[in-house]
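For the sequence shown, full-length UniProt numbering gives the first residue as 1, with consecutive numbering after it.
Where is the CB? At the ideal position from N, CA and C, for every residue including glycine.
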Amino acid sequence: MIVVGGGIIGLSIAWRAMQTGRSVLLIDPAPAQGATFAAAGMLAPVSEYHHQEDALLPAMRESAARYPGFVRELELVEGASGYLRTETLLVGVDHGDRQALADLHAAHRRAQLEAEPLTTRDARAREPLLGPRVSSVYRVAGDHQVDPRMLAASLLDRLQTPDGHARQVGIAREQVVALLHRDRADDDSPVIGVRLSDGTEVVGAEVVLANGAGASAIDGVPGRLALPLRPVYGDILRLGVPDRLRPLLRSTVRALVHGESVYLVPRADGTLVVGATQREDGVDAVSAGGVHRLLRDAQQVVPAVGELSLIEATARTRPGTPDNAPLLGRVPGRDGAAVAGLTVATGFFRHGVLLAPLAADIVLGLMDGHPDHRWDAFRPDRFTTHADHTAEGIHR
C-alpha cells in the first residue's frame with residue numbers, strides 16, 4: 001500500500017498497516033515537518049469540545065482512550081513518544097471569560113464530560129505560579145498530552161526499522177502529483193498507484209491520501225468528489241524555562257483572556273509550548289502580531305512567562321473543512337460503490353494528533369473489509385453535490 005503524506009495521520013496509518021504484515025511505502029517530501037512539527041499535542045476531548053462540533057466528540061473520546069495502548073505498542077523505549085498523563089486546567093480572567101467557562105462547563109455536564117470546578121485557592125495550590133488575574137478554574141483530569149515531535153520520531157523509527165511482521169516498508173521523500181487509475185481515461189476506475197513530480201509511477205494495491213490540504217491538489221481524484229480543504233495558519237511558541245522556575249507548570253493550562261484563547265503546555269524537557277493563533281490570511285510566515293498576543297495573554301495567566309527565553313516561533317497550516325471534521329473514508333464512484341484502492345484521510349484541522357490512533361484503525365478496518373459505521377459522518381463525499389451515494393455504498 002501507498003500512504004501519501006507523512007504527518008501524524010499518515011505515519012500512524014503506515015505503522016498500523018506495517019503491523020498487519022502489509023508492504024508499505026510512505027511518500028512525503030518532508031515527513032513530520034508540517035502541522036505535526038508545530039502541534040502542541042493536547043489529547044483533550046473535554047477541553048477541545050465545541051458546541052457545534054458534536055459529531056466529533058465520540059471520535060475524540062474514543063481516540064483519547066486508545067492512546068495508552070497505541071504508544072505502548074509503538075515505543076521501543078518507554079517514554080519515547082512523549083505521552084504524559086498531565087491533567088488540564090481551564091482558566092479565565094475577566095467576567096466574560098468566567099461566563100464563557102461556566103457555559104462550557106454546562107455543555108460538559110450535558111454531554112456527560114468530566115470537569116471539576118476549583119476555587120482559585122485550590123488551583124494555586126496545584127499551580128503556584130498562576131497569576132492574580134486568574135478568577136475562574138476548572139480541572140479536567142482526563143485531558144492529557146503527547147509530544148508530537150517525539151511521537152512522529154518514534155513512528156519514523158519503526159517505519160525505518162520494521163519488525164518481522166512487515167514484508168517491506170519504505171519512506172520516499174518525494175512529491176505525489178497524481179493518482180494512477182487502471183483505466184487512465186476513467187477516474188472512477190480502481191486506483192493502482194501514484195505518479196510523482198518527476199514522472200515516476202509507483203504502483204500499490206491501496207492508496208491513502210493523508211497529505212493534509214495538499215490532497216485537494218492531487219490529480220486523478222474521482223471527478224465528482226469535492227475536497228473543500230482550507231489552509232488555517234497558526235503561530236506557536238516554544239519557551240525555555242530557567243532552572244530556578246522549574247517546574248513552571250505541572251498541568252496543561254488552557255485559558256480565556258478577555259475572550260481570546262491561549263494554552264500553555266509544559267514539556268518533560270522543561271520547555272513550555274504556548275499557542276496558538278488561528279488565521280486564514282494565506283501567510284505562512286510567523287505573525288509578529290500573533291507572537292505578541294500569545295506572549296501578552298500567557299503572561300496574564302502565568303506572569304513568570306515574561307522571564308522565559310524564546311526558543312522558537314513557528315507557523316504551520318492545518319487543513320480545515322466546512323464543519324471542522326475530517327474527510328475520512330472510501331471514495332464513491334458513479335454507481336455509489338467505493339472506488340477500489342483509494343481512501344481519503346485528511347481535514348483533521350485541530351485534532352490530527354488526538355485522532356491519529358482512531359484514524360489509523362478506521363483506515364485499516366476499511367482495507368480489511370470491516371468498516372466501522374459509527375464514523376460514517378466523516379465520509380469524504382459529504383460536501384459533494386452529485387447523485388446521492390449512501391454511506392453503505394461508499395464503505396462496502
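Unbroken beta strand (DSSP E) run spanning V137, endpoints | Per DSSP, V137 belongs to the beta strand (DSSP E) from 136-140.
Test item: CB-CB of L179 and V207 under 8 Å | yes
So is T385 buried or exposed if we call it buried at 16+ other beta carbons inside 10 Å?
-> Exposed: under 16 other Cβ atoms inside 10 Å.
Report back the beta-carbon spacing between A210 and A345 to the nearest angstrom; my notes put them in contact at under 8 Å.
-> Rounded to the nearest angstrom, the Cβ distance from A210 to A345 is 4 Å, consistent with a contact under 8 Å.
Are three or more beta carbon pairs between the region 70-77 and the region 230-246 nearer than 8 Å?
-> no
For the region 108-116 against the region 167-186, are there 3 or more C-beta pairs whose distance is under 8 Å?
-> The region 108-116 vs the region 167-186: no contact.
Note the first and the last residue of the continuous alpha helix (DSSP H) segment covering Y67.
-> 56-74
Would you say L358 and S63 are within 8 Å of each other, going by their C-beta atoms?
-> yes
Helix, strand or coil at P319 [DSSP, three-state] | strand
For T120, I'd like the list of residues in its chain whose CB is within less than 7 Å of its CB, leaving aside the five on either flank, ordered along the chain.
-> V134, S135, V137
How many Å lie between A213 and V273 at the Cα?
-> Using only the alpha carbons, I get a separation of about 24 Å.
Per DSSP, the bridge partner or partners of E206 = Answer is none; E206 lacks a bridge partner.
Cβ of E127 within 8 Å of Cβ of S251?
-> In contact: E127 and S251 (Cβ atoms closer than 8 Å).
Identity of the residue in G333, G7, G329 nearest R374 by Cα = G329
Going by the CB atoms, is the gap between V194 and V4 shorter than 8 Å?
-> yes
Does DSSP put E260 in a helix, a strand or coil?
-> strand
Neighbourhood of G320 by C-beta distance below 6 Å, restricted to the same chain and skipping five residues each side = Answer for G320: R230, V232, F349, listed in chain order.
Would you please state the rounded distance, in angstroms, between the beta carbons of A35 and R318? I believe it to be under 8 Å.
-> 5 Å between Cβ atoms; contact.
Among R173, A205, I192, the one whose alpha carbon lies nearest that of D198 = The option with the nearest alpha carbon to D198 is R173.
Report buried or exposed for T20, applying the criterion of at least 16 other Cβ atoms within 10 angstroms of its Cβ.
-> Residue environment analysis places T20 among the exposed positions, since fewer than 16 neighbouring C-beta atoms fall within 10 angstroms of its C-beta.
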